[in-house]
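> Mapped onto our numbering, the consecutive letters of the sequence shown carry residue numbers 6 to 372. We put the beta carbon where it would ideally sit given N, CA and C, even for glycine. Owing to the predicted nature of the structure, the values given are computational and were not obtained by experimental measurement.
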Amino acid sequence: MPGDEREQRKRVKRIIQASISAVIVVAIFALILPKIASYSSVWKTISQLTWLEFLSLVLAMLFNLFTYWWQMVAAMPGLSFAQAAVNNQSSTTIANILPGGGVVSIGVAYEMFRSWGFTGSEIALLLSTTGIWNAFLKLGLPVFALGLLAISGKATTALLIPAVIGLAILAGSVVVFALILWKKAMARSIGEFFGRAWSKVRALARKAPVSGWGQRAVEFRKQTIVLVSKRWAELTLSTIVSHLALYLVLLLALRHVGVSEKEISAVQVLSVFAFARLVSAAPLTPGGVGFVELALIGGLYAAGRNHADVPPDVFKAQITGAALLYRVLTYGIQIPLGGFTYIIWQRAKRWRKPPPAEMVGVTAAAS
């Protein structure tokens with residue numbers, strides 16, 4: 006049957022993606038990283054941290070998680086912090102363990118929100134606004150960091166390239182977003198344009214074209230104007246704070262392993278962090294695992310190699326230890342935490358509400 010064949014192809018595709026991701030991750034962590042710094046030297050560096058330093062890192066990690074939940078609450082009126090925590094951690098875990106897990110995680114997030122009584126339009130608005138705000142900041146951060154480096158006289162060509170690329174994409178994205186909000190007709194035209202473009206991409210894979218993107222863009226415009234007019238300040242502030250909180254974890258990890266401000270300044274750390282955030286979008290591995298670590302280590306080494314007050318091998322162990330510690334706290338720990346919050350969602354019956362009216366209508370129309 007055609008349906009069975011499609012499912013078979015999807016299964017094979019997922020297996021191939023997972024296999025490629027596994028090979029890449031193993032190659033990076035088993036072959037490449039040990040050549041930069043041995044794991045024994047990295048462990049020796051990390052094990053020298055005091056309990057107070059570990060505690061400060063854990064608190065910074067928890068604050069970072071809180072800022073993610075705060076952003077979701079800002080974008081969805083009626084959502085509690087507890088619900089935001091459960092939804093964010095569960096969907097993040099799926100995105101972090103599956104190749105292309107972002108799509109699956111959106112489906113899980115949608116089901117959770119729907120079980121709590123939120124409408125499809127409310128869910129779509131949250132996902133789109135937080136996604137847009139995060140993308141704007143992720144693209145703008147390298148430009149901001151480069152500006153700070155230029156002021157301090159430490160800007161380099163290597164940092165200029167990703168900053169210029171980020172600025173170009175950011176400028177284009179802002180223009181498109183502004184045009185959508187400007188006029189209803191413009192929103193419809195832009196939606197239809199992207200719908201036609203996506204249909205052509207789907208045609209390459211012999212998939213049916215999409216439809217209704219123009220009307221969806223109009224609805225998105227209307228809902229976004231209402232939300233942004235009331236909550237733009239909180240949404241913007243929570244997005245900025247969430248990125249800075251993530252940066253704080255990396256900065257603390259570096260300082261705690263012994264890398265001083267003189268060796269790598271806070272501004273240089275910010276520039277490396279901003280670049281690594283762009284790398285995290287690498288589609289070959291979940292969450293950019295492996296690639297982000299290499300970007301962090303390479304960027305930090307380039308920033309501080311001429312200013313290190315310790316032997317090169319020790320310095321490499323320090324920055325590798327800091328990068329891995331940062332990733333464990335901001336990536337690795339999310340996986341078991343998300344499994345725990347998923348169980349909470351299944352058991353927290355008091356949060357359950359009947360399906361929203363618009364969903365009931367859709368179900369009835371489909372039957």
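On the three-state DSSP scale, how would you describe L249?
helix
> Write down the C-beta distance between I99 and V78 rounded to the nearest angstrom, noting that I regard them as a contact closer than 8 Å.
Contact flag wrong, Cβ pair sits at about 21 Å.
> Quick check on DSSP: helix, strand or coil for T290?
DSSP places T290 in coil when its eight states are reduced to three.
> Based on Cα-Cα distance, which residue from A300, S247, Y331 and Y306 lies nearest to S270?
Y306
> Is N311 helix, strand or coil by DSSP?
Reduced to three states, the DSSP call for N311 is coil.
> Using a Cβ distance threshold of 8 Å, determine whether the region 323-341 contacts the region 246-257, with at least three qualifying pairs required.
yes
> Mind the definition here: the region 222-230 touches the region 118-133 only if three or more C-beta pairs lie below 8 Å; say whether that holds.
yes
> Would you say F182 lies against chain D (beta-carbon separation less than 7 Å)?
This model lacks chain D altogether, as it is built from one protein chain only.
> When DSSP labels each residue in this structure, what does T182 get in the three-state scheme?
What sits at residue 182 in the sequence shown is Phe, not Thr. If DSSP states are grouped into helix, strand and coil, F182 belongs with the helices.
> Which stretch, first to last residue, makes up the alpha helix (DSSP H) that contains T97?
For T97, the enclosing alpha helix (DSSP H) has its first and last residue at F86 to I102.
> Relative to the C-alpha of D318, which candidate in I21, A279, Y44 and A238 has its C-alpha closest?
Y44
> Can you tell me where the alpha helix (DSSP H) with R282 in it begins and where it stops?
A271 to V284
> Is it true that the CB of A222 sits closer than 7 Å to the CB of G196?
yes
> Closer than 6 Å by C-beta to A89: which residues in its own chain qualify, once you throw out the five before and the five after it? Chain order, please.
W74, M77 and V78
> Which term fits N92, buried or exposed, when burial requires 16 or more other beta carbons within 10 angstroms of its beta carbon?
buried
> Between Y115 and the rest of its own chain, which residues show a CB-CB distance below 6 Å, the 5 nearest in sequence each way excluded?
Annotation for Y115: I128 place their beta carbon closer than 6 Å to its own, counting only its chain and skipping 5 residues before and after.
> Using the C-alpha atoms, what's the distance from V180 back to L342?
38 Å
> Given this structure, state the Cα-to-Cα distance separating R310 from A150, to the nearest angstrom.
19 Å
> With three or more C-beta pairs closer than 8 Å as the rule, is the region 233-248 touching the region 137-152?
yes
> Who are the Cβ neighbours of A313 in its own chain at under 7 Å, not counting the five residues just before and after it?
E268 and F320
> Under a three-way DSSP split, which group does G145 fall into?
helix
> With a threshold of 8 Å, are at least 3 pairs of Cβ atoms found where one atom belongs to the region 289-296 and the other to the region 16-33?
yes
> Tell me which same chain residues have a C-beta within less than 8 Å of the C-beta of L289, skipping the five on either side of it?
I25, S26, I29, P104 and F296
> With distance defined between alpha-carbon atoms, name the residue in Q53, F86, A35 and L130 nearest to F71.
F86
> What would DSSP say about A42, mapped onto helix, strand or coil?
coil
> Taking the Cβ atom as the reference point for each residue, do M117 and W356 lie within a distance shorter than 7 Å?
no
> What separation, rounded to the nearest whole angstrom, lies between the Cα atoms of K49 and W237?
46 Å
> Tell me whether the beta-carbon of V274 lies closer than 7 Å to the beta-carbon of Q323.
no
> What does the Cβ neighbour count give for P291, buried or exposed, with the cut at 16 atoms within 10 Å?
buried
> Could you please give the first and the last residue of the uninterrupted alpha helix (DSSP H) stretch that includes Q53?
Per DSSP, Q53 belongs to no alpha helix (DSSP H) and is neither H nor E.
> Which whole-angstrom value is the C-beta distance of A279 and L146, which I expect to be below 8 Å?
4 Å
> Could you tell me whether the Cβ atoms of A327 and V284 are closer together than 7 Å?
The answer is no: Cβ separation not under 7 Å.
> Output yes or no for whether 7 Å exceeds the beta carbon distance between L154 and V277.
In this structure, L154 keeps its C-beta atom at 7 Å or more from the C-beta atom of V277.
> Rounded to whole angstroms, what is the Cα-Cα separation between V315 and E58?
21 Å
> Regarding E266 and the ligand ZN, is the C-beta to nearest heavy atom distance less than 6 Å?
Inclusion of the ligand ZN in the displayed structure is not the case, the ligand content being empty and no account of it being possible.
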